[in-house]
Structures are given as C-alpha cells and as structure tokens.
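Single-structure report; data block below.
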Amino acid sequence: MTDYFIPRSAELSLCFSEPLFLQDVNDRWSLQHPQLYCPGQKNQYFNKKAFASCVMHSCYSSLILFFIPWAAMRDTVRDDGKDIANYQSFALLTQTCLLIVVFTQLCLDTYYWSAVNHFFVWGSIAAYFAITFTMYSNGMFYIFTSTFPFVGTARNSLNQPNVWLTIFLSSLLCILPVVAFRFILIQLRPTINDKVRYKMRKEVLPAPAPRRLLRRRSTRSGYAFSHSQGYGELITSQNFLMKRPLKRASLFPQTDSPIFQNQPQHYLDHQQIKKLTDSMNGGLSLLLKRRVAILVT
Amino acid sequence: MLLKLGGHCSFQDFSEESCHGPGSDEMVQEENEFTNRPDNTAFTQQRLPAWQPILSAGIVIPGFVLIGLAFIGVGVALFVTSRSIQVLERDYTGDESGTPCASCANSNVQNSFGFCFPQSQGPVFFYYGLSNYFQNYRRYGTSKDDNQLYGVLKYFTSPSDNCAPYAYNSNNQPIVPCGSIANSMFNDTFKLYQTVNGTRQEVSLDGKGIAWWTDYNIKYRNPTNNPLKDAFNGSNSGLFYRNFLINPIYWSKPAYELDTSDPSNNGFVNQDFLVWMRRAALPDFRKLYRRISQDKYPDGLPAGNYSLEITYNYRVYRFSGKKKVVFSNVSWMGGKNEFLGIAYLVVGSMCVFMSIVMLIVYAKFKFPDEE
Chain A
1 MTDYFIPRSA ELSLCFSEPL FLQDVNDRWS LQHPQLYCPG QKNQYFNKKA
51 FASCVMHSCY SSLILFFIPW AAMRDTVRDD GKDIANYQSF ALLTQTCLLI
101 VVFTQLCLDT YYWSAVNHFF VWGSIAAYFA ITFTMYSNGM FYIFTSTFPF
151 VGTARNSLNQ PNVWLTIFLS SLLCILPVVA FRFILIQLRP TINDKVRYKM
201 RKEVLPAPAP RRLLRRRSTR SGYAFSHSQG YGELITSQNF LMKRPLKRAS
251 LFPQTDSPIF QNQPQHYLDH QQIKKLTDSM NGGLSLLLKR RVAILVT
Chain B
1 MLLKLGGHCS FQDFSEESCH GPGSDEMVQE ENEFTNRPDN TAFTQQRLPA
51 WQPILSAGIV IPGFVLIGLA FIGVGVALFV TSRSIQVLER DYTGDESGTP
101 CASCANSNVQ NSFGFCFPQS QGPVFFYYGL SNYFQNYRRY GTSKDDNQLY
151 GVLKYFTSPS DNCAPYAYNS NNQPIVPCGS IANSMFNDTF KLYQTVNGTR
201 QEVSLDGKGI AWWTDYNIKY RNPTNNPLKD AFNGSNSGLF YRNFLINPIY
251 WSKPAYELDT SDPSNNGFVN QDFLVWMRRA ALPDFRKLYR RISQDKYPDG
301 LPAGNYSLEI TYNYRVYRFS GKKKVVFSNV SWMGGKNEFL GIAYLVVGSM
351 CVFMSIVMLI VYAKFKFPDE E
C-alpha cells in the first residue's frame, strides 16, 4: 500500500524521458518523404478506433497481470515449505509483473535506441529493484517501523524459481500478442512509416552509393560549391536553378513538394562536398566540364 | 588560383587576410541574428548514433519458435515435478454429519480420525487450511500495531488507532497485542499418531523455523523485560495496577504464555503467532503448522495407518468457513500447483503455432521491398 508509488515513479521517469529522444525517421528522410506527416493530419494514430484498441489491450493486460499470479500462487508454498501465498508476496509479485510488462512494452515501442534511451530503460529497471529492496530492507524498518511493514518480502519471495517463472510467463503473455499483431500488420498493411523505415534500413546497411544519394541534392548545392575552388562560373550560371525531375522510388508516386527545393543545406561537411564534386564530374554535361577544367588550371 | 565570391573565403586558404572583406560586417550581423540557433552537435540535432530495430521476419519468426520450444520444455518439467508431489487433504470442519469431527462444532471435543499414508519421498509438511476466510480484507489487514509487536513498551499502554475496536477492552484497558489479526489467531492443536502393530505411537512434530526468518529476527521482538510477564503488567509506564494489560479478547491465554517451555518461542516471536500474522492473500489459504521431524523419519513418513487427534477450538461455522488439514511434500517449485506447468505448455504451443501462421503470412504477403 505505501509502496504503491514506487513502481509508478519508475514508470513515470521512463515515460517522460523516452519521448524526448525517440525518433523513428530522421530529419533527412522526413524531408524527402513529407507524406509521413499525413497520418498526423488525418488523425490516424489518435482517434476513437485507436483508443478503443488501446482500451482492449489494457483490459487484456490487466486480466493477465492479476489472474496469472493468482493461479500460480494458489495453495502453493516456498521450496522450503514456508508461506509464499501471503498478501505481501502476492502484491510484490503482481507489481513486479506489471513493471516488467511496462518496460518490455516500452522497449517494443522504442525505435531509436541511442545511449540516452539505453540509460533510461535499463536504469529504470535497476532503480525499481534497488528501491524495492531498499524499502523492504531491515534498515528502513528500524527507522520507520509502521511505514515499511513489508520487511523481508522481497528477499523471501524473489528467490523462488516459481515466482520468476510466473513473472516471465505473464510478461511474455502480455507482449507476444502485441509483437505478433504488429508483425502481421506490417506485412499485410504497411503504413507509410513502416515503408520509410524499411527503406531507411535497407539504405543504411549496404555502403551508400554516393551517386544515387547525391543526385537528389544536386539542385541545391550552390552554397556548398561556393566553398570550393573552381566553381565560380558554374555557380553563377543558371544551371543550378533548373528544376530537374529527380529519380524517385516508385513507392511514392508524388513528385517533390515545393519545400523540398528551397530548403538550404547547412550541414554539408567536407566529405559530403567531396562527394558532391564527384557527382558533379559524373553528372555534368561535357560543356560544363570543359569550362570547369579551364578555370581550375 | 583563388576565387572570392562576396564575403566568403576560399576553402584552401584560411589566412586572416583573405578572410575579411566587405561581407564581414554582414557576417557578424548574421551571427548575432543566429545566436539562438542550437548547437550543431549530435545531441542537440538528434543525430545520436542509435540502433534502430524493426520487426523483421528474420527476428520475429525464429524468436517465436525458440520461445515456444523453451516454454514447452519448462512446462514439461514443471508439470512432471508437480505431479510427483504428494498431497493429502482432509476437511474437518464437521459441518455435515458423517464427516470427521461432525460433533466437534458443538463442543470442544477432542476428536480423531484415521487415514492411510503412502510412502512419502522427502520431508512432509503439515498445514492447516481455511476457506472463505478473508485475511486480505483491508480493515482487517491494517488492524495491528507494528510498534507494539516490535516490543516498544510505549505502545503497550497506548495502542495505535488502527487496532480499533480491538485496542481497548470494555474497561478501557489496553490490549496487547492489539488488532483483529492477532485477536483471530488460529488455536486448534493437532497430534499425529502412527498405528504400528495395533499400538499408537506419536509422530514427533517440529515447530521450529516455520515462519520467515525475517519475521522472527527482525520484524517481531519481545520487550526486553525478564521475565516477559513484567512487560505486560503496565508497571513500566508507571500506571496504576488497575490498568494492567490484557490479552486479546478471543485468546484463552496471554501472549507471554504462548509457549512457556521455550523462551525463544514465547511472546511475540512465537512461531505459530508469526505464521498467523503473515496474512494470506486469498480466501482459501493454508498455513504451515508443523514439520514432520527428520530425526525419526529421515526419508519421510513411511506408508501405513495414521490417526490425527484434533482439539477443536476455532469456530468457523458462523461465516461458513471450512477447515482442513493438508500433508504435503515440496519440490524446487514449491507445493503442488499444476497451473504453471499447464500454462507454460499451452503458451509454448501457441507460440509455435503463431510462428507458423506468421511464416505463412510473410511468405504470401511479403513486404514489397522492390522498386
């Protein structure tokens, strides 16, 4: 009863910190595929149907999280014959099951595992167990006797194999349907988000072909070229302002949006400029190449 | 050959002379306008290196198969272990005629009934069980004074308000130990006899160490008075003799007489008292009463006829409760509970089945990765 707030605070610390660093698609891909913003405008992720499915999932999880520990604790004892089906052990078991399920669900929803996310997730689980054992320790009982009556509960119940087997069972029973459902949904009805993330993953894994990447950028390289020697005439010519129909994956039938063209690139560094110059060599017409050659020598 | 465009510098020459020019003032102005721009670091621009997993078929389907097989394995082990545990239960409420102790409900009769034991493997534990008994009721559960039970004498004479209405009796005398959990302590006693060649031999029962060691050593303490009785006459607090402390209303003897033969089992650290105070979570529960001692029966109870003699003190008929005795041995997973084994088997099979379904879905409706 008095330790009700502990699992809640662990959960809250995780819930508030996680969204700050979540990122399913980074800025580059977000700009290239502005259709990613359509589901938000159409309220596809937050509507009555989504709410109803959330409620059903919660009901299912609640039933699992109570009845699995209940059935596992009925009429059973510890492995040395002593009591385990007492109120305090049962409360601790249910609470631990709940926390593990919440953490696993959050891990499933986290698409972007940076160092910060790792710290908060594993740190929260460790903090929960640390706080639990501290609250149920002898020291806290000696100082605040009537506030911490659960002394000894964690030590006496969490060393039992059937307790951990119950925790494992209930958490997997809550999580595996979610995983299966999401996987099947990705296969049958992939959302724009799934498609982009799949593409992103496929592009990241092999070595990125510079030409393929950079053709998309060649129209907005005026600023970048201005740092390099030899491209003055090229830049002052009108060629860069030409709108070129870019080669785009047919996954997305729409053409570029206006925002795509006008966005300046502030973050090209030395290597990216080198790649741009290489593409220039490949993509320019012969005439321009000759002009550049004259200027450079 | 250098080229200068506006106020910008050539990439290859960073000397100060070539870097100043007509545009330098503009650049300073620009910088002032952009002081609020966040730093171009990986942390602020959300470019931290990260692992970005997606639910791909290569992970999910083999994962489900592995989890399913592991669960089936664990389920088989749990089920087999649970089946090997021997349990013997006998209801002795006596609410129906013909059942053991049918006449006990009306008077304090010492009754006994016989039963057969098969050969047990391993130590046998003797439990008493109660049904329809809600120790998890909240008002009941908070009705105790932890400070009193820790031996703090100040609370002997002024019990906590949580214990009401079992804090003071009708003469306004404080009750020690106060509260309804202590007041409702189970007080049936049992004796087990083995019938060997027509004679009854008592089976020795071991009552040591049946409560949690943290309860015995940390949570509950007797007051330091020696003899213990002195702590219960209120003399420490300087009260008049009229205010001596009394035992709970339902108890037949005070706390300092719970086990007069063994001072380490007397008072608040009495093992039966500790077992009772650790209140149960569910309305059907069993609590450890004794252990069949290992001295005479190191391999467990031999097969044969036994009889149990019960001193029937605890009345449960008023709330339609039931009482029973349970003899059981234990294993690495605790007492007999077939639910875990069956649950693991069911979940494991469902995992394997789902992995097959997902494989079919994946093969037929493969995520379009071309274009």
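Heads up: the protein sequence lines correspond to chains A and B, in order. Using full-length UniProt numbering, you'd call the opening residue of the first sequence number 1 and step up by one each time. Using full-length UniProt numbering, you'd call the opening residue of the second sequence number 1 and step up by one each time. The C-beta atom is built at its ideal place from N, Cα and C for all residues, glycine as well. All values derive from a computational prediction rather than experimental measurement.
message: On the DSSP bridge list, what partners appear for B:Tyr306?
response: In the DSSP assignment, B:Tyr306 forms a beta bridge with B:Phe115, B:Gln194.
task: Measure the Cβ-Cβ separation of B:Tyr289 and B:Ser184 and say whether it is below 9 Å.
output: No, they are not a contact pair.
task: Give the residues from the stretch 316 to 339 of chain B that approach chain A closer than 9 Å (Cβ to any Cβ), ordered along the chain.
output: Cβ contacts with chain A: Val326, Ser328, Asn329, Val330, Ser331, Trp332, Met333, Gly334, Gly335, Lys336, Asn337, Phe339.
- request: Confirm, please, whether the CB-CB distance from A:Gly123 to B:Pro123 is below 9 Å.
  value: 9 Å or more divides the Cβ of B:Pro123 from the Cβ of A:Gly123.
field: 9 Å Cβ cutoff met for A:Ile64 and A:Leu173
entry: Contact flag set, yes.
query: Does the beta carbon of A:Lys149 sit closer than 9 Å to a beta carbon anywhere in chain B?
result: The amino acid occupying residue 149 of chain A in the given sequence is Pro; Lys does not appear at that position. Yes, its Cβ sits closer than 9 Å to a Cβ of chain B.
message: With DSSP as the reference, identify every bridge partner of B:Thr199, one or two as the case may be.
response: Answer is B:Val196, bridged to B:Thr199.
Whole-angstrom distance between B:Gln52 and A:His118, CA atom to CA atom: The alpha-carbon atoms of A:His118 and B:Gln52 are separated by roughly 12 Å.
message: I'd like to check one pair, B:Tyr127 with B:Lys322: are the Cβ atoms closer than 9 Å?
response: Result no, Cβ atoms of B:Lys322 and B:Tyr127 do not sit closer than 9 Å.
task: Say whether chain B places a C-beta atom closer than 9 Å to the C-beta of A:Thr145.
output: At a cut-off of 9 Å, the C-beta of A:Thr145 has a neighbouring C-beta in chain B.
- prompt: So with Cβ pairs under 9 Å, would you call B:Asp215 a contact of chain A?
  reply: Output row for B:Asp215: interface = yes.
query: Can you give the Cα-Cα distance for B:Thr35 and A:Asn26, rounded to whole angstroms?
result: Approximately 24 Å between the Cα atoms of the pair.
- prompt: Could one say the Cβ of A:Val101 lies closer than 9 Å to chain B's Cβ atoms, at least one of them?
  reply: False, the Cβ-Cβ gap to chain B never drops below 9 Å.
message: Between which two residues does the alpha helix (DSSP H) holding A:Arg28 run?
response: Segment 27 to 32, the alpha helix (DSSP H) holding A:Arg28.
message: For B:Leu274 and B:Asp215, which I take to be in contact (beta-carbon distance under 8 Å), what is that distance rounded to the nearest angstrom?
response: About 5 Å; that satisfies the 8 Å criterion.
Within 9 Å, strictly: CB atoms of A:Pro161 and B:Trp332: Using a Cβ distance threshold of 9 Å, A:Pro161 and B:Trp332 count as a contacting pair.
- request: Note the first and the last residue of the continuous alpha helix (DSSP H) segment covering B:Glu338.
  value: Counting along the chain, the alpha helix (DSSP H) containing B:Glu338 begins and ends at 338 to 364.
field: Own chain, CB closer than 8 Å to B:Met358, minus 5 neighbours either side, in chain order
entry: Answer for B:Met358: Ala57, Val60, Ile61, Phe64, listed in chain order.
query: First and last residue of the beta strand (DSSP E) that includes B:Ile292?
result: Note, B:Ile292: beta strand (DSSP E), 285 to 292.
Contact residues within the stretch 342 to 369 of chain B, judged by C-beta distance below 9 Å to chain A: Of all residues in the stretch 342 to 369 of chain B, Ala343, Tyr344, Val347, Met350, Cys351, Met354, Ser355, Val357, Met358, Val361, Tyr362, Lys364, Phe365, Lys366, Phe367, Pro368, Asp369 have a Cβ within less than 9 Å of some Cβ in chain A.
message: Tell me the residue span of the alpha helix (DSSP H) that contains B:Asp146.
response: Note, B:Asp146: alpha helix (DSSP H), 146 to 149.
query: Excluding the five sequence neighbours on either side, which residues of its own chain have a C-beta within less than 8 Å of the C-beta of A:Cys107, listed in chain order?
result: Here the set comprises Val121.
message: What does the Cβ neighbour count give for B:Thr213, buried or exposed, with the cut at 16 atoms within 10 Å?
response: Sequence inspection shows Trp at residue 213 of chain B; the Thr mentioned does not correspond to that position. Exposed: under 16 other Cβ atoms inside 10 Å.
message: Can you give me the C-alpha to C-alpha distance between B:Tyr362 and A:Met135, rounded to a whole angstrom?
response: Rounded to whole angstroms, the gap between the alpha carbons of B:Tyr362 and A:Met135 is 48 Å.
field: B:Ala182 (DSSP reduced to helix, strand or coil)
entry: In the structure shown, B:Ala182 sits in a helix (DSSP, three-state: H, G or I).
query: What residues are listed by DSSP as bridge partners for B:Leu175?
result: The sequence as given places Ile at residue 175 of chain B; Leu does not occur at that position. According to DSSP, B:Ile175 bridges with B:Ile246.
Where B:Arg90 falls: helix, strand or coil (DSSP): B:Arg90 carries a strand assignment under DSSP once its states are collapsed to helix, strand and coil.
- request: Identify whether B:Gly321 lies in helix, strand or coil by the three-state DSSP scheme.
  value: It is coil, neither helix nor strand.
- prompt: At a cut of 8 Å, does the stretch 344 to 354 of chain B reach the stretch 66 to 80 of chain B through at least three beta carbon pairs?
  reply: Output reads yes: the stretch 66 to 80 of chain B touches the stretch 344 to 354 of chain B.
message: Using a Cβ-Cβ cutoff of less than 6 Å, which residues in the same chain neighbour B:Tyr150 once the five nearest sequence positions on both sides are dropped?
response: Beyond the five residues adjoining it in sequence on each side, B:Tyr150 comes within less than 6 Å, by CB distance, of Arg221 in the same chain, given in chain order.
- prompt: At a cut of 8 Å, does the stretch 185 to 193 of chain B reach the stretch 311 to 322 of chain B through at least three beta carbon pairs?
  reply: Cβ pair count under 8 Å is three or more, so yes.
message: For chain A, check one thing: does any of its Cβ atoms lie closer than 9 Å to the Cβ of B:Ser18?
response: Here the model assigns B:Ser18 a pLDDT of 44, short of 50, so the residue's position is not dependable, and the following value carries that caveat. Interface flag for B:Ser18 against chain A is unset, since no Cβ pair is found closer than 9 Å.
message: Can you confirm whether B:Gly267, when its beta carbon is compared against all beta carbons of chain A, has any partner nearer than 9 Å?
response: With 9 Å as the cut-off, B:Gly267 does not count as an interface residue toward chain A.
field: 9 Å Cβ cutoff met for B:Arg278 and A:Asp83
entry: Judged by beta-carbon spacing, A:Asp83 lies within the 9 Å limit of B:Arg278, meaning their Cβ atoms are closer than that value.
- prompt: For the beta strand (DSSP E) that B:Gly58 lies in, which residues bound it at each end?
  reply: Going by DSSP, B:Gly58 is part of no beta strand (DSSP E) but of the alpha helix (DSSP H) stretching over 57 to 83.
- request: Could you tell me which residues DSSP puts in a beta bridge with A:Phe86?
  value: Inspection of the sequence shows that residue 86 of chain A is occupied by Asn rather than by Phe. Looking at the DSSP assignment, A:Asn86 forms a beta bridge with B:Ala280.
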